[in-house]
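The structure under discussion appears below in the form of structure tokens.
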Amino acid sequence: MALNAPLVEMTGIAKSYPGVRALDGVDFSLERGEVHVLFGENGAGKSTLISILAGVTTPTEGVIRIDGEEKHFSSVKDARAAGIGAVFQEFSLVPTMTVAENIFLGQEPRKMGLVDRRGMVEEARSLFAGLGFAIEVRRTVISLSRAEQQMVEIAKALHQQAHILILDEPTASLTERETEKLFEFIGQAKARGVGIVYISHRIQEFKAIANRITVLRDGRLIGTIGAENLSETVLVEMMTGRKMDEIYPHIERKTQAEPVLSIRGLKAWGVDGVDIDVRRGEVLGVAGLVGSGKSRTFRAVMGLLPVEGGTVSVHGHDRTGAPTRKLLQDGVFFLPSDRKEEGLLLGASARTNIALSVLNRRETNAGLGLISPGGVKALTSAIGGKVDLSEAFLDRTASKLSGGNQQKILFGKSFGEDYDIYIFDEPTVGVDVGTRAALYRIIKAIAEAGKAVVVISSDLPEAMHLAHRLIVFRNGRISAEFEGDAIQEQAVLGAFFDQERKSA
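Residue numbering for the sequence shown follows full-length UniProt numbering, beginning at 1 and increasing consecutively.
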């Protein structure tokens, strides 16, 4: 081990596939006891870089040094032998085996030639206790939550003497409390000298755990900044290559005094007594970590979760616990966060998906209760134009389209009727920056037409830049509310992680 050498030093890393340069001369380093975040859009090269470090794939060019010693990984086994453990989004655990069996898979302790199962359980329990993970090691993996499975993956990596840990989007499926537990573990691992490569797009997390952030774009290194200089504006501009005002439009505020949607003392699963008013001509931003209650609140409003207490009124009419169909009839549009599970018929064309939202329109009525195919085609083509879906894309199967074009289909459904209230839950999840800008323009047009708009987002820059008024959820409650110029990054970030605060 070379004195003062970085724990990891990757120099001039390049990776080429037929017709594609996935990485182009990237430098990356990791120190002991450091969390170094990799940040960038989908396709920026983050996954390729960590796959090379983890031994999943080999670089076309470049050098990897661990503790100052040059390494050549031809397999995951080689990387593990060098002390590198990776926890990818797709876990490598065997579902039907116990936690202890997964931890020791291929390295089972033996006594008199037989697997020492008692010793394996005891050692696994000791490992988990040392990490602060409260998981019964005799349970099968299939019986664990995703967060618990992730903890098992981490424990497995550390059991294999990993002092370099790669965490790929680790909070993507975690609740707020599970995220806090993960951050506690990360702090403990840093204190033990473990270096952590952390891949995430959630800027609000960086302030809590990161030492440095490296930004990739189109396979190239854009720059590295220290967490003390963290600015979401700078990061987004580095990530996209665009100025912030080119991505997020200015939305003129035309707020009317009377709320069109009023929520009082709402209680539901994961929601504990929430009060919200939504008004015409205003974009209400709703932010918070996964599991904070932000999405569940509005799913309860839409009849997608049982209401356990409180009231919901639309245009002054009580709609507490009303079915989704009734809310739609009242002029409330809801865009779900999971387009594949709840938003789209993946086996149908984009046109058919949009057509389902326009069948009550006069233009599609051929009389005698019949539907006019010509009317449907003309109307869906017009809507396709509004969301930048060409005729060719409209007639393609939804499952064959990119995430961005699938999201455009969902936005197209918002033009199916003349709604008064638009609730967008994670409106740009999994789409590129160009599509984001197009979707933001649609939100701008809706709000400036005097409609009420709610944007629920785990993307902090998105929530901050679109909102006239921003509420932050924490532990099922609203922890803070900001309006106008008071919507500032540091204050909002504080509301994500601090205890409840009064409105700013």
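Even for Gly, the Cβ is constructed at its ideal location relative to N, Cα and C.
If we call anything under 8 Å between Cβ atoms a contact, is G293 one with F424?
For this step, residue 293 is matched to residue 293 along the sequence shown. For this step, residue 424 is matched to residue 424 along the sequence shown. F424 is positioned such that its CB atom lies no closer than 8 Å to that of G293.
If S372 sits next to E426, beta carbons under 8 Å apart, how far is it from one beta carbon to the other, in whole angstroms?
Sequence index remark: in the sequence shown, residue 372 carries index 372 (1-based). Sequence index remark: in the sequence shown, residue 426 carries index 426 (1-based). S372 to E426, Cβ: 35 Å. No contact.
N353 classed as buried or exposed, judged by whether at least 16 other C-beta atoms fall within 10 angstroms
For the purposes of this step, residue 353 is taken as the residue at position 353 of the sequence shown. Buried, by the Cβ-count rule.
Excluding the 5 residues flanking V429 on each side, which residues of the same chain have their C-beta closer than 7 Å to its C-beta?
As a position in the sequence shown, residue 429 is number 429, starting the count at 1. Counting only Cβ-Cβ distances below 7 Å, and skipping sequence neighbours, we find S337.
Along the chain, where does the alpha helix (DSSP H) containing K386 start, and where does it finish?
As a position in the sequence shown, residue 386 is number 386, starting the count at 1. Taken as a continuous stretch (DSSP letters only), the alpha helix (DSSP H) holding K386 covers 373-386.
Can you find the residues in the same chain that come closer than 6 Å, C-beta to C-beta, to I487, ignoring five residues on each side of it along the sequence?
Locating residue 487 in the sequence shown gives position 487, where the first residue counts as 1. Closer than 6 Å at the Cβ level, and outside the excluded window around I487, lie M464, L470.
Extent of the continuous alpha helix (DSSP H) to which A480 belongs
For the purposes of this step, residue 480 is taken as residue 480 along the sequence shown, with counting starting at 1. Not the alpha helix (DSSP H): A480 falls in the beta strand (DSSP E), residues 477-483.
Presumed contact (8 Å Cβ cut-off) between V278 and R296, rounded CB distance:
Here residue 278 corresponds to residue number 278 of the sequence shown, with the count starting at 1. Here residue 296 corresponds to residue number 296 of the sequence shown, with the count starting at 1. The Cβ separation is near 16 Å, so there is no contact.
From the DSSP output, read off the bridge partner residues of Y422.
On the sequence shown, residue 422 is found 422 positions in, with the first residue counted as 1. DSSP lists F333, V453 as the beta-bridge partner residues of Y422.
Segments of 3+ residues assigned as beta strand (DSSP E) that fall wholly inside the segment 70-116:
Listed in chain order, the complete beta strand (DSSP E) runs (minimum 3 residues) inside the segment 70-116 are 84-87.
Let's test the definition: count the other Cβ atoms within 10 Å of the Cβ of P323 and tell me whether it reaches 16, buried, or not, exposed.
By 1-based counting over the sequence shown, the position of residue 323 is 323. Exposed.
Residue environment, M112, which counts as buried when at least 16 other CB atoms sit within 10 Å:
Position 112 of the sequence shown, counted from the first residue, corresponds to residue 112. By the 10 Å Cβ count, M112 comes out exposed.
P306 classed as buried or exposed, judged by whether at least 16 other C-beta atoms fall within 10 angstroms:
Taking the sequence shown and counting its residues from 1, one reaches residue 306 at position 306. P306 sits exposed, since fewer than 16 C-beta atoms from the chains shown fall within 10 Å of its C-beta.
T171 vs L182 beta-carbon contact at 8 Å
The residue given as residue 171 occupies position 171 in the sequence shown. The residue given as residue 182 occupies position 182 in the sequence shown. Their beta carbons are under 8 Å apart, which means T171 touches L182 by this criterion.
Hey, quick one: how far does the beta strand (DSSP E) through P259 stretch, first residue to last?
Here residue 259 is taken as the residue at index 259 of the sequence shown, counted from 1. Element bounds for P259: 259-268.
Straight-line CA distance for R21 to V433?
In the sequence shown, the residue the question calls residue 21 occupies position 21. In the sequence shown, the residue the question calls residue 433 occupies position 433. Here the alpha carbons of V433 and R21 stand approximately 20 Å from one another.
Within this structure, are the beta carbons of residue 587 and V137 separated by less than 8 Å?
Lying outside 1 to 504, the shown extent of the chain, residue 587 is not represented and no answer is given.
Evaluate contact between the segment 480-497 and the segment 324-335, counting only Cβ atoms and requiring at least three cross-stretch pairs below 8 Å.
no
With a threshold of 16 other CB atoms inside 10 Å of the CB of A149, please say whether the residue is buried or exposed.
For the purposes of this step, residue 149 is taken as the residue at position 149 of the sequence shown. For the record, residue 149 in the displayed sequence is Gln; it is not Ala. Per the 10 Å Cβ criterion, buried.
According to DSSP, V274 sits in a beta bridge with which residue or residues?
To locate residue 274, count along the sequence shown from 1; it is residue 274. Looking at the DSSP assignment, V274 forms a beta bridge with L266.
Extract the residue ranges of the alpha helix (DSSP H) inside the segment 182-229, only unbroken runs of 4 or more that lie entirely within it.
Counting whole runs of 4 or more residues, the segment 182-229 contains the alpha helix (DSSP H) stretches 203-209.
Just reading off the alpha helix (DSSP H) that I487 is part of, what are its end residues?
Along the sequence shown, one-based indexing puts residue 487 at 487. Careful: I487 lies outside any alpha helix (DSSP H) and carries neither H nor E.
Nearest by alpha-carbon distance to Y17: which of G45, I66, A287, G321 is it?
Your numbering for residue 17 matches position 17 in the sequence shown. Checking every option, the nearest Cα to that of Y17 belongs to G45.
Reduced DSSP category for V307 - H, G, I as helix; E, B as strand; rest coil:
Against the sequence shown, residue 307 aligns to sequence position 307. The answer is coil: DSSP assigns V307 none of H, G, I, E or B.
Taking only the alpha-carbon atoms, compute the straight-line gap between residue 505 and A227 and give it to the nearest angstrom.
Any property of residue 505 remains undetermined from this structure, which presents the chain solely from 1 to 504.
Inter-residue spacing [alpha-carbon to alpha-carbon] between Q499 and F185
Within the sequence shown, numbered from 1, the residue matching residue 499 stands at position 499. Within the sequence shown, numbered from 1, the residue matching residue 185 stands at position 185. Reliability fails at Q499, whose pLDDT of 46 lies under 50, so the model's placement of it is uncertain and no value is given.
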